[in-house]
Amino acid sequence: MLRYRIGRCLDAVAAPIRRILPHHVHREIDMVNGHVFSNVVRYSIPLILSGMLQLLYNMADVVVVGKFENPEAVAAVGATSSLITLMVNLFIGLSVGTSVLVAQFTGAGKYREVQDTVHTSITLSLVMGVLVGIFGLLMSHTFLVWMGTPEGNVLEGASLYMRIYFLGMPGNMLYNFGAAIMRSVGDTKRPLYYLTLAGVINIILNIVTVAFFGMGVAGVALATITSQYISAILVLLNLIRSHGSVHLDLKQLRIKARILGGIMKIGLPAGFSSVIFSISNVLIQSSINAFGANAMAGSASASQLENFVYTAMNSISQAALSFAGQNIGAQRYDRIAKIMRTCALVVTVTGIVLGALVTLLSEPLLHLFINEDTDPAAIADVIHNGQIRIAIICLPYFLDGLMEVFASMLRGMGSAIAPTLITVVGICGVRILWILTIFAVDHVLDILYLSYPVSWFLTAGTLFVCYLYVHKKLMRTVSAAPAAA
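With the working numbering, you'll find the sequence shown wraps up at 582, consecutive numbering, no jumps.
Here is the structure:
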């Protein structure tokens with residue numbers, strides 16, 4: 098009865114807002130039929146733009162504090178990035194489980210199971226958002242101290258930013274799970290529209306809170322969580338208004354054990370894999386912290402630019418995940434190899450082109466993050482440190498893209514454990530070993546950053562071999578099926 102009353106209240110609140118949203122139209126991409134290359138590109142482009150807009154949240158934070166504050170404020174915001182990613186990636190990784198289940202059930206025409214997955218996923222996202230938010234509020238300062246964040250303004254600013262950021266965690270989780278559901282059925286355009294609106298609001302609020310009210314790090318954090326809640330509400334209302342298989346009925350919000358088990362089976366390994374990435378990045382960030390505020394500011398600014406390259410490639414890997422999942426569900430096994438080749442080609446070209454552009458334009462782009470009234474020597478040092486990172490990481494970033502595509506293909510085909518184990522060893526293991534050996538001998542930033550492309554190359558190669566094995570096993574099983582019958 099209580100759940101019913103809550104649902105009625107939420108429906109009443111949502112009704113006037115839903116009326117401003119467009120009515121349901123068919124925007125879903127057919128992943129099971131048609132030309133693979135054109136459908137992958139159609140799917141990926143809105144997703145790439147969505148990812149880039151989402152990146153504008155944190156980038157706008159860094160740009161605004163860089164222009165109106167000082168390098169210490171930039172270092173404070175930048176110091177939080179790898180730690181925030183570590184603390185939320187396990188749970189965001191569960192949305193991969195949602196994507197695979199929705200894609201496979203849709204491909205198989207099991208629409209009742211799609212409905213169960215939608216309602217379980219949204220409920221799960223809200224529960225996790227609250228739990229992760231509380232954990233982040235309590236532990237942020239402690240973790241930053243453990244990472245060796247410089248005391249004083251940098252530590253205080255980073256701690257304040259993280260505590261405010263984690264107040265927005267329910268909205269963050271809800272958006273990611275809701276968008277994962279929409280993308281799994283081929284709708285990548287509307288998440289783009291919602292992020293466009295939220296991104297514009299975020300930038301406006303950043304400028305207002307920092308430039309006019311002088312709120313500094315607190316202002317950009319408040320702008321970010323406001324934007325997250327706006328995008329989450331729009332995705333939620335879209336699912337409520339949908340008349341298709343992903344329609345959300347607030348009165349039906351509950352967790353079904355069978356569906357939760359399926360999400361966990363695929364999502365937990367994916368989330369654990371993301372956590373491993375994040376642990377290695379936290380270790381690298383701790384090493385960067387030892388070089389001082391200017392090195393931290395340069396690295397933070399460079400990483401904002403690199404993320405635009407990464408999000409484009411990650412979007413293509415999400416295409417691989419959804420296309421593989423739907424074709425496995427529809428038993429169109431003959432299309433799997435073509436999906437892999439197409440996504441590998443697209444991600445390689447995209448990574449090389451974007452990586453080269455960022456590298457060539459690194460100096461003017463890095464100036465976007467710097468207050469030109471700062472001491473010229475400090476500016477030059479920040480730019481130099483940022484260019485070191487970009488030169489070593491951006492050009493070979495396509496290797497990371499290939500790694501993501503191969504892992505997504507394996508997960509879409511139902512293999513969750515293998516890509517996780519390979520990632521644990523190939524990313525975290527190699528980077529930790531690198532820090533303890535090669536970086537310990539030659540303690541310079543260039544050597545530290547080399548751990549990225551080396552770990553990508555080794556992990557991508559191993560994942561590709563694993564994909565070939567799983568695909569061969571799948572095709573052998575299919576060819577043997579008629580004889581068994």
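From the three backbone atoms N, C-alpha and C, an ideal C-beta is built for every residue, glycine too.
A quick note: this is a predicted structure, and the numbers were derived from the prediction, not measured.
What would DSSP say about residue i, mapped onto helix, strand or coil?
| i | result |
| --- | --- |
| A441 | helix |
| L461 | Here residue 461 is Pro; the residue named in the question, Leu, does not match the sequence. The answer is helix: DSSP assigns P461 an H, G or I state. |
| H238 | helix |
| T220 | helix |
| H344 | coil |
| P247 | coil |
| A491 | Per the sequence shown, residue 491 should be read as Cys rather than Ala. In the structure shown, C491 sits in coil (DSSP, three-state: anything other than H, G, I, E or B). |
| F388 | coil |
| V282 | coil |
| V129 | coil |
| Q201 | helix |
| N299 | helix |
Roughly how many angstroms lie between the CA atoms of residue i and residue j, to the nearest whole one?
| i | j | result |
| --- | --- | --- |
| I480 | Y407 | 21 Å |
| Y258 | A441 | 37 Å |
| A329 | L336 | 11 Å |
| L241 | I181 | 10 Å |
| K570 | R486 | 41 Å |
| L187 | E248 | 29 Å |
| R280 | L463 | 33 Å |
| K348 | I363 | 27 Å |
| R355 | F263 | 30 Å |
| T559 | Y546 | 21 Å |
| V314 | L191 | 30 Å |
| P288 | A276 | 6 Å |
| H568 | M393 | 43 Å |
| G511 | G245 | 40 Å |
| L518 | F561 | 14 Å |
Of all the options the options, which has the alpha carbon lying nearest to the alpha carbon of residue i?
| i | options | result |
| --- | --- | --- |
| E253 | T239, A488 and V282 | T239 |
| A513 | E460, A557 and A367 | A367 |
| A200 | A397, A315 and D127 | D127 |
| L507 | I436, F495, K207 and N386 | I436 |
| T88 | L402, S419 and L334 | Because the chain here runs from 98 to 582, residue 88 falls outside it and cannot be looked at. |
| Y272 | S383, I145, L333 and N250 | L333 |
| I189 | I322, A205, G131 and I360 | I360 |
| T195 | V185, V211 and A205 | V211 |
| I385 | N482, Y140 and L465 | N482 |
Give every residue of the same chain whose Cβ lies closer than 6 Å to the Cβ of residue i, excluding the five residues on either side of it in the sequence, and list them in chain order.
| i | result |
| --- | --- |
| I376 | C525 |
| H121 | Confidence at H121 is low in this model, with a pLDDT of 39, below 50, so its placement is unreliable and the value that follows should be read with caution. Once the five neighbours on either side are set aside, the close Cβ partners of H121 are S339 and H340. |
CB-CB under 8 Å to residue i, same chain, minus the five flanking residues each way: which ones, in chain order?
| i | result |
| --- | --- |
| L319 | I261, L302, T306 and M312 |
| S414 | C440, V444, G498, E501, V502, A504 and S505 |
Within 7 Å: the Cβ of residue i and any heavy atom of the ligand SAH?
| i | result |
| --- | --- |
| I304 | Inclusion of the ligand SAH in the displayed structure is not the case, the ligand content being empty and no account of it being possible. |
By Cβ distance below 7 Å, which residues in the same chain neighbour residue i in space, the five residues on each side in sequence not counted?
| i | result |
| --- | --- |
| V133 | R432, K435, I436 and T439 |
Could you tell me whether the Cβ of residue i comes closer than 8 Å to any Cβ of chain C?
| i | result |
| --- | --- |
| F503 | Of the protein chains in this structure there is only one, and it is not chain C. |
For this session: Would you check if there are 3 or more beta carbon pairs closer than 8 Å linking the segment 517-525 to the segment 357-373?
Result: Yes, the segment 517-525 touches the segment 357-373.
Exercise. Below 8 Å, can you find three or more Cβ-Cβ pairs linking the segment 440-458 to the segment 307-323?
Worked result: Note that the segment 440-458 does not touch the segment 307-323; fewer than 3 beta-carbon pairs, one per stretch, sit closer than 8 Å.
Exercise. So, do the segment 212-221 and the segment 529-541 have three or more beta carbon pairs nearer to each other than 8 Å?
Worked result: Counting C-beta pairs closer than 8 Å gives fewer than three between the segment 212-221 and the segment 529-541, which falls short of the contact rule.
For this session: Spell out a yes or no on whether the segment 139-151 and the segment 285-292 are touching, meaning 3 or more CB-CB pairs, one atom from each, closer than 8 Å.
Result: When C-beta atoms of the segment 139-151 are compared with those of the segment 285-292, three or more pairs fall below 8 Å, so the two segments count as touching.
Exercise. When the Cβ atoms of the segment 494-503 are set against those of the segment 341-350, are three or more pairs found closer than 8 Å?
Worked result: With a cut-off of 8 Å, the segment 341-350 and the segment 494-503 do not count as touching, because too few Cβ pairs lie within range.
Problem set entry | Sufficient close CB pairs (3 or more, under 8 Å) joining the segment 453-463 to the segment 417-425 | Because the criterion of three Cβ pairs below 8 Å is not met, the segment 453-463 and the segment 417-425 do not touch.
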